[in-house]
Every structure is written in C-alpha cells, then in structure tokens.
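The block underneath contains the structure these notes are about, expressed in structure tokens.
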Amino acid sequence: MKNDIRNELAICGFEAVKALVKCHPERITRFYYTRDRMRDFKDLFKFLAERKVPYNNIPEGELEKLSGTVHHQGVVAMIRQPEIPHLNTDITNEWLHKKESAILLDRVGNANNLGAIVRSAAFFGFKNIIIPRDEAQSSITTSSYRVAQGGMEHVNIYSILSIEKLLISMEGKMLRFGTDVRGKTPVERIPEMCNETKKPALIVLGNEEHGISGIVRKNCDELVTIPFTADSAEEKSQPIESLNVAQAAAIVLYEARNLSVHF
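Count along the sequence shown from 1, then add 3; that gives the number in this note's numbering.
Following this line, the structure appears as structure tokens:
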C-alpha cells in the first residue's frame, strides 16, 4: 500500500521483510510488528535505534491498515517509494559486455503476477527485468513485493517508454524471444540458440489476457512456446489453451536458467 503523503511504500510478508532487512535495512523509514514477531527482528531494533528510525509493536488491525492487506504476516516495513530507473544504453551495453540476459514484460497488469515473475527470476538467476511505463503495466507495489518473497532485493527493474524501440535497438545484439502459444520453437531450445550465436537472451512475457502484442511479435527473432502433453498433441486438443503468465514465466526461466552463466 502506497502512502502518498509520506511518499512511502508498505513492505509486508515475513520473507519479503526479512530479505529487505538483510539486504537493505537502511531503506526502512518506519517499522511495525506484532508481539509474536519481536524475536525475529530483535537484531534490527538496535540498528534502527542508532539511526533514530521509529519502530513499534502494534495490533494486527493496525498492520492491516498500514499495509492494506490481511496478509501482512505480523510485520510491516515502510520504505521510500521506489524510483524505477530508466533503461539506457550504458546499462544495455554492460549487459552485452557481460552476456547478461533480461526479461521484458509486455504490459503484465496484475501485481501478484509481477511479484511471482520477480520471485522466479531471482530463483533462476535472472537479475534484469524491464517494464514499460504504461498504465496497463503493474509497477512495484505492496502486493508484488510480498508475492516476490524477497526476490525484489535480488533483481534490477528498469523502465522504458517504448517496447518497440527497445526491441529494434537490440536487433542483432540479443536474441529476442517472444513467448506465444502460437510459437513454433520449444522453450527448451533457448539456451542452445543463445550458445550457438554467443548472444544473451531478451525474453518477452505477454499480457495476461492478450499475450504479447503484435509489435512484439513482429520484432522478435523467435516465438517460443511451452509444449503441452504428448497425449493432447496426438488428439490435437487440449483442455486449457495457455498458462497464467507467472506460471509460464517459471517454466521458461527454468528452461533458460543456464543463461545466467557466462558463455
């Protein structure tokens, strides 16, 4: 939940807050917890006291008001509203130099899906995520932070004004993979193709309802798909046409996990 007056964002959920405390305790502006959580964060209290950052034991109902959710798990840390840096050529040139791959979200609008994708990205070693500055795209929220289960502390999120311009600028530099149910290339071929060309991957995940846009489809080198079961393939039918974008992301990133290792 965003506090516009203070320009703060509430971070809640035990794993998300624990990761924040471990990696970036200096970002905490206020800290609240239930009595049951006192022992979990006792080492933090001295740090906050030295920096004169307020921390208090409050009832669960107050935590719910602060976070805007019943899923706070007994702890809420307030931080300054994150500013998402704009992706520039210095950053992409560094990716190319280090052979780092990246994930591009094509207007993924659900905050929980964004959080789940961040969690999978962190787990499989993908630290670069790009989101468009678009009303249809979810940004960093209390929900996405909580669902990411600490993953937000291990990825870099960048913003862009134009998906099309980014894809065009990466032509010949990164292999641009669009995830599409109509794709012909199985996702497990991503590492093989990147290894053959010695290029990192730019993996595009599409909107929950419409998938990747026509502009993305036009500017990708390959359209990759997650094969369904052999039995369904033989019958030329399947009960579900596609997976949720967060589920699909986990599978795609699992198949491409070796890209986090330099060529």
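Glycine is no exception: its CB is placed at the ideal position from the N, C-alpha and C atoms.
Predicted, not measured: the structure shown is a model, and the values here were computed from it.
- The Cβ-Cβ distance between Ala139 and Leu205 does not fall below 7 angstroms.
- Burial is judged here by how many other beta carbons sit within 10 angstroms of a residue's own beta carbon; Glu103 has at least 16 and is buried.
- Gly175 sits away from Val219, with the two beta carbons spaced by 7 angstroms or more.
- When the Cα atoms are used, Glu225 and Met155 turn out to be separated by approximately 29 angstroms.
- Boundaries around Thr228 are those of the beta strand (DSSP E), Glu225 to Thr228, since no alpha helix (DSSP H) includes it.
- Assignment of Asn210 by DSSP, reduced to helix, strand and coil, places it in the strand class.
- Taken atom to atom, the span from the alpha-carbon of Ile87 to that of Cys26 is near 18 angstroms.
- For Pro194, there is no enclosing beta strand (DSSP E); the residue is part of the alpha helix (DSSP H) that begins and ends at Ile193 to Thr200.
- Between Gln76 and Cys15, the alpha-carbon positions lie close to 7 angstroms from each other.
- In the DSSP assignment, Ser70 falls within the unbroken alpha helix (DSSP H) covering Glu63 to Ser70.
- Distance from the CA atom of Ile120 to the CA atom of Gln250, rounded to whole angstroms, is 8 angstroms.
- Here DSSP, grouped into helix, strand and coil, assigns Val79 to strand.
- When secondary structure is reduced to three states using DSSP, Pro28 falls in the helix class.
- Residue range Ala105 to Asp109 is occupied by the beta strand (DSSP E) that includes Leu108.
- Looking at the DSSP output, Asn115 bridges to nothing.
- Every unbroken stretch of the alpha helix (DSSP H) spanning 4 or more residues and falling wholly within the stretch 151–182 is given here in chain order: 166–172.
- With contacts defined by Cβ atoms closer than 7 angstroms, Asp109 and Asn210 form a contacting pair.
- Taking C-beta atoms as the reference points, Ala80 and Leu23 count as a pair closer than 7 angstroms.
- Distance from the CA atom of Ser216 to the CA atom of Arg9, rounded to whole angstroms, is 37 angstroms.
- Taken atom to atom, the span from the alpha-carbon of Phe127 to that of Leu69 is near 32 angstroms.
- Ranked by how close their Cα comes to the Cα of Lys201, the residues Glu212, Tyr58 and Met177 have Met177 in first place.
- By the 16-neighbour rule on beta-carbons within 10 angstroms, Ser141 is buried.
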